[in-house]
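Okay, structure first, notes after.
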Amino acid sequence: MQEMKLAEFKNKKPPELIAYAESLEVENASVMRKQELMFAILKKLAAQDIEIIGDGVVEVLQDGFGFLRSANANYLPGPDDIYISPSQI
Numbered sequence: 000m001q002e003m004k005l006a007e008f009k010n011k012k013p014p015e016l017i018a019y020a021e022s023l024e025v026e027n028a029s030v031m032r033k034q035e036l037m038f039a040i041l042k043k044l045a046a047q048d049i050e051i052i053g054d055g056v057v058e059v060l061q062d063g064f065g066f067l068r069s070a071n072a073n074y075l076p077g078p079d080d081i082y083i084s085p086s087q088i
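Next up, the structure:
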């Protein structure tokens, strides 16, 4: 199975992301904001069964779900957090 490391992916510059998105046939890639573009690319990769690997610290909340917090944000809540469902905790 192929894999993509999220940390390496986040460091790509917008022109690199646009080129990569266009190679995956993401529609309107050139007009998307960086966050939208990254999400669209990740959706395409997930649909192709490519494993996406993130790193950080898991914070489990009272409701049983959690978030993978990034060192880049000092492990504080932020827009780049990865949701983890209760069945994965």
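Under numbering that gives the first Met the number 0, the letters of the sequence shown match residues 0 to 88, in that order. Beta carbons: idealized from backbone N, C-alpha and C, even for Gly. Being a predicted model, the structure only gives us computed values, none of them experimental.
Checklist line | Residues of its chain near Pro13, where Cβ-Cβ distance is below 8 Å and the 5 sequence neighbours each way are ignored | finding: Indexing the sequence shown from 1 puts residue 13 at position 14. Answer for Pro13: Lys33 and Leu36, listed in chain order.
Item checked: Through-space distance from Tyr19 to Ala27, alpha-carbon basis -> Along the sequence shown, one-based indexing puts residue 27 at 28. Along the sequence shown, one-based indexing puts residue 19 at 20. The residue you asked about is not Ala; residue 27 is Asn in the sequence shown. Those two C-alpha atoms are separated by around 13 Å.
Next item on the list: Specify, as a first and last residue, the run of the alpha helix (DSSP H) that Lys12 falls within.
Entry: Here residue 12 refers to the residue found at position 13 when the sequence shown is read from its first residue. Per DSSP, Lys12 belongs to no alpha helix (DSSP H) and is neither H nor E.
Notebook entry, point to check: Under 7 Å between the Cβ atoms of Ile52 and Gly65?
Noted result: As a position in the sequence shown, residue 52 is number 53, starting the count at 1. As a position in the sequence shown, residue 65 is number 66, starting the count at 1. Contact: no.
Margin query: What does the Cβ neighbour count give for Leu75, buried or exposed, with the cut at 16 atoms within 10 Å?
Written below: Sequence index remark: in the sequence shown, residue 75 carries index 76 (1-based). That one is exposed.
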